[in-house]
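Chemist:
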Amino acid sequence: MKFVSTRSKDGMKLSASEAILKGLAEDGGLFIPESMPSSLPDFTLEKGAWYAMYSAIKPFFEGDELEDELERICRSAFDFPIAFHTDDGEDTLELFYGPTAAFKDFGARFLAYSMETLLSRRGEDLTILVATSGDTGGAVASAFHNREHLSVKVLFPKGRVAERQRRQLTGWDGNVSSYEVEGSFDDCQRMVKEAFMDTSLTGLSSANSINLGRLLPQYAYYVWASSMYYELYGRKPIIIIPSGNVGNSTGAYWAKAAGAPIERIVLACNANRTIPDYLESGEYKPRTSIETLANAMDVGNPSNMERLFALFPTYDEFRRNVSSWSVSDDEIRKTIKEEWEEHGHIICPHTACGERVRRDHFPSQPTIVVATAHPAKFESIVEPIIGKTIAIPRSLFDIMHKESKSREIAADYHLLFE
Ligand SMILES: *Cc1c(COP(=O)(O)O)cnc(C)c1O
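If you count the sequence shown from 1, you need to add 535 to reach our numbering.
(1) What is the DSSP secondary structure of residue 541, reduced to helix, strand or coil?
(2) Measuring CA to CA, which of 824, 812 and 635 is closest to residue 859?
(3) Leaving out the 5 sequence neighbours to the left and right, which residues in its chain are closer than 7 Å to residue 563 when beta-carbon positions are compared?
(4) Kindly identify the DSSP beta-bridge partner or partners of residue 688.
(5) Mind checking whether the beta-carbon of residue 834 lies closer than 8 Å to any heavy atom of ligand 1?
(6) Hey, how far is the Cα of residue 762 from the Cα of residue 601?
(7) What's the gap between the Cα of residue 784 and the Cα of residue 544?
(8) Would you mind sorting residue 891 into buried or exposed? The rule is 16 or more other CB atoms within 10 Å of its CB.
(9) Which stretch, first to last residue, makes up the beta strand (DSSP E) that contains residue 1002?
(10) Would the beta-carbon of residue 666 be found less than 8 Å away from any heavy atom of ligand 3?
(11) If you compare alpha carbons, which of 779, 738, 795 and 791 is closest to residue 766?
(12) Under 9 Å between the Cβ atoms of residue 755 and residue 792?
(13) Suppose the cutoff is 8 Å on Cβ atoms and the five residues either side in sequence are ignored; what does the same chain contact list for residue 722 look like?
(14) Considering only the alpha carbon of each residue, which of 686, 592, 797 and 937 lies closest to residue 612?
(15) I'd like to know if the stretch 867 to 874 and the stretch 741 to 761 are in contact, where contact means that at least 3 CB-CB pairs between them fall below 8 Å.
(16) Return the chain-ordered ranges of every alpha helix (DSSP H) run that is complete within the stretch 627 to 660 and spans a minimum of 4 residues.
(17) To the nearest angstrom, how far is the alpha carbon of residue 578 from that of residue 701?
(18) Assuming contact is defined by CB atoms lying nearer than 9 Å, are residue 881 and residue 827 in contact in what I supplied?
(19) So, using beta-carbon positions, are residue 954 and residue 674 closer together than 9 Å?
(20) Name the residue from 665, 574, 897 and 856 whose alpha carbon lies nearest to the alpha carbon of residue 814.
(21) Specify, as a first and last residue, the run of the beta strand (DSSP E) that residue 741 falls within.
(22) Using a Cβ-Cβ cut-off of 6 Å (strictly less than) and excluding sequence neighbours within five positions of residue 836, which residues of its own chain qualify?
(23) Starting from residue 902, trace the alpha helix (DSSP H) in both directions and tell me its first and last residue.
(24) From residue 941 to residue 713, what distance separates their C-alpha atoms?
(25) Taking Cβ to Cβ, would you say residue 832 is nearer than 9 Å to residue 899?
(26) Locate the alpha helix (DSSP H) running through residue 789, then write down its first and last residues.
(27) Does the count of Cβ pairs from the stretch 802 to 811 and the stretch 916 to 936 closer than 8 Å reach three?
(28) In whole angstroms, give me the CA-to-CA distance for residue 903 and residue 644.
(29) Hey, could you find the ends of the beta strand (DSSP E) residue 568 is sitting in?
(30) Taking only three categories from DSSP, how would you classify residue 860?
(31) Nearer than 8 Å: is that true of the beta carbon of residue 904 relative to any heavy atom of ligand 1?
(32) Comparing alpha-carbon positions, which option in 772, 804 and 803 lies nearest residue 797?
(33) Can you look up residue 804 in the DSSP assignment and give me helix, strand or coil?
This is the structure in structure tokens:
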């Protein structure tokens, strides 16, 4: 199995391992599979979720240098459950049982264990730089903590992340350092870009959502979840995914392309309407993001769109395969309340976007809404709406009770390397 760039499908072909270490293709494009796996695994769940993930990811590593290590990597990376909250076919796929209680744990952990193995074979070291406004940095810090040959520098804007998010960024020691930058999230991103451009600095890498290593697990759980759903109900589900950079949904489109039993894929966006507007107007207009209650989806220029355009190059094809709606903050609040009052089900603001789209556009249809984060991560929004304290999952509790360590620095990237 080989991977090519979205910008030159007849150009250089790389193995999965090479694409993971490179991150971005030489021509600036994103890596996509040259072809999809020709058969899907027969899932035996006795060995746990990690084995299902392994079975689905395996074809992408055929002939790859990590082929023999893949089983061990998956067993280490996916050491937490995936759960279906079933409700007569209007189900919810809960992807938030990892260490930082959001779906990003799947991709970040798979990437960390894969990179660790590849670097130890090469006898090389890398430093990962992450600028974060919340969720990504926590998942990456947690995933790379104590991985050999790797260190992480997390940058976040001082005073602008929620307390629980801050804990997830600063509760680390050893190979993870966190920096509270006197500036905005844009300043943090600029510092990372400048560091990458400084040729006197070597061995730097990133772990952002365009890395192939983060996408493959997101392909795998959709193959598994749609197969389980089909087995349970005898119908193909419409999968509704709370989306920002559309990395999670790209995994679902790859699963459908590989033949997974998926009826349709629907992107639930917050008030950042870039994709719904494109579907309506036929004109693709990236823009700056606006702040919403579902802040991990505050994206105006989705970084994985290039992969969706590679699948559906014309507006017509795109429209036939992609549906998307925008959900406002008021609708998010209303949906959290309704879901609690009608079903006793507590959901996070991101998941609420998906639930709203199900209620408004696909009532009584075979649907899976993807629950991307645990509601306890966003307690300051959810608790006042439902009038109740949310129990904290063990993993979050553990991080919140670690000693918080960070350095406050001015917005100058040189200070990261002192
Ligand atoms: C990152 C994130 C999203 C958006 O996922 P994309 O892959 O960027 O579309 C949705 N919900 C939560 C909780 C997230 O952390």
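Yeah, the Cβ is synthetic: ideal placement off N, Cα and C, and Gly gets one too.
Modeler: Short version:
(1) By one-based count along the sequence shown, residue 541 stands at place 6. In this structure, residue 541 counts as coil in the three-state DSSP scheme.
(2) Taking the sequence shown and counting its residues from 1, one reaches residue 859 at position 324. Looking only at 824, 812 and 635, the smallest Cα-Cα distance to residue 859 is reached by 812.
(3) Your numbering for residue 563 matches position 28 in the sequence shown. Excluding positions up to five away in sequence, the list reads 542.
(4) In the sequence shown, residue 688 corresponds to position 153, counting from 1. Paired residues: 664 and 712.
(5) Reading the sequence shown from its first residue, position 299 is the one you call residue 834. Yes - ligand 1 has a heavy atom lying nearer than 8 Å to the Cβ of residue 834.
(6) Counting from one through the sequence shown, the residue named residue 762 turns up at place 227. Counting from one through the sequence shown, the residue named residue 601 turns up at place 66. Linking residue 762 to residue 601 through their CA atoms gives a straight-line distance of about 26 Å.
(7) Within the sequence shown, numbered from 1, the residue matching residue 784 stands at position 249. Within the sequence shown, numbered from 1, the residue matching residue 544 stands at position 9. Residue 784 and residue 544 have their C-alpha atoms roughly 21 Å apart.
(8) As a working note, residue 891 is residue 356 in the sequence shown. Under this definition residue 891 is a buried residue.
(9) Summary: the structure shown does not reach residue 1002, with the chain confined to residues 536 through 953, and so no result is reported for it.
(10) Although ligand 3 was asked about, the structure shown includes only ligand 1 as ligands.
(11) Taking the first residue of the sequence shown as 1, we reach residue 766 at position 231. Ranking 779, 738, 795 and 791 by Cα distance to residue 766 puts 795 first.
(12) Here residue 755 is taken as the residue at index 220 of the sequence shown, counted from 1. Here residue 792 is taken as the residue at index 257 of the sequence shown, counted from 1. Contact check for residue 755 against residue 792 fails: the beta carbons are separated by 9 Å or more.
(13) What you label residue 722 is simply residue 187 of the sequence shown in a count that begins at 1. For residue 722, the CB contacts under 8 Å within the same chain, skipping 5 residues up- and downstream, are 692, 716 and 946 in chain order.
(14) Stepping through the sequence shown from its first residue, residue 612 is reached at position 77. That would be 592, whose Cα lies nearest to the Cα of residue 612.
(15) Between the stretch 867 to 874 and the stretch 741 to 761, the count of C-beta pairs closer than 8 Å stays below three; the two stretches do not touch.
(16) The qualifying runs are 639 to 657.
(17) If you number the sequence shown from 1, residue 578 lands on position 43. If you number the sequence shown from 1, residue 701 lands on position 166. Each residue's alpha carbon lies about 38 Å from the other.
(18) Start at 1 with the first residue of the sequence shown, and residue 881 comes out as number 346. Start at 1 with the first residue of the sequence shown, and residue 827 comes out as number 292. The criterion of a C-beta distance shorter than 9 Å is not satisfied by residue 881 and residue 827.
(19) A question about residue 954 goes unanswered here, because the residues of the chain that appear run from 536 up to 953.
(20) As a position in the sequence shown, residue 814 is number 279, starting the count at 1. The option with the nearest alpha carbon to residue 814 is 856.
(21) Counted from its first residue, the sequence shown places residue 741 at position 206. Neither: residue 741 is in no beta strand (DSSP E) and is coded neither H nor E.
(22) Here residue 836 refers to the residue found at position 301 of the sequence shown. Result list for residue 836: 821, in chain order.
(23) For the purposes of this step, residue 902 is taken as the residue at position 367 of the sequence shown. Segment 902 to 906 is the beta strand (DSSP E) holding residue 902; no alpha helix (DSSP H) there.
(24) The count along the sequence shown starts at 1 and reaches residue 941 at position 406. The count along the sequence shown starts at 1 and reaches residue 713 at position 178. Note on geometry: alpha-carbon atoms of residue 941 and residue 713 lie some 5 Å from one another.
(25) For the purposes of this step, residue 832 is taken as the residue at position 297 of the sequence shown. For the purposes of this step, residue 899 is taken as the residue at position 364 of the sequence shown. For residue 832 and residue 899, no; Cβs fall outside 9 Å.
(26) Stepping through the sequence shown from its first residue, residue 789 is reached at position 254. Taken as a continuous stretch (DSSP letters only), the alpha helix (DSSP H) holding residue 789 covers 782 to 792.
(27) Contact between the stretch 802 to 811 and the stretch 916 to 936 is absent, because fewer than three Cβ pairs lie under 8 Å.
(28) Position 368 of the sequence shown, counting from 1, holds the residue named residue 903. Position 109 of the sequence shown, counting from 1, holds the residue named residue 644. Residue 903 and residue 644: Cα-Cα distance of roughly 24 Å.
(29) For the purposes of this step, residue 568 is identified with residue 33 of the sequence shown, where counting begins at 1. Start and end: 566 to 568.
(30) Your numbering for residue 860 matches position 325 in the sequence shown. Looking at residue 860 - three-state DSSP - the assignment turns out to be strand.
(31) What you label residue 904 is simply residue 369 of the sequence shown in a count that begins at 1. Proximity of the beta carbon of residue 904 to ligand 1 is not indicated: no heavy atom of the ligand is located closer than 8 Å.
(32) Translated into the one-based positions of the sequence shown, residue 797 becomes position 262. With distances taken between Cα atoms, residue 797 lies closest to 772.
(33) Within the sequence shown, numbered from 1, the residue matching residue 804 stands at position 269. In this structure, residue 804 counts as strand in the three-state DSSP scheme.
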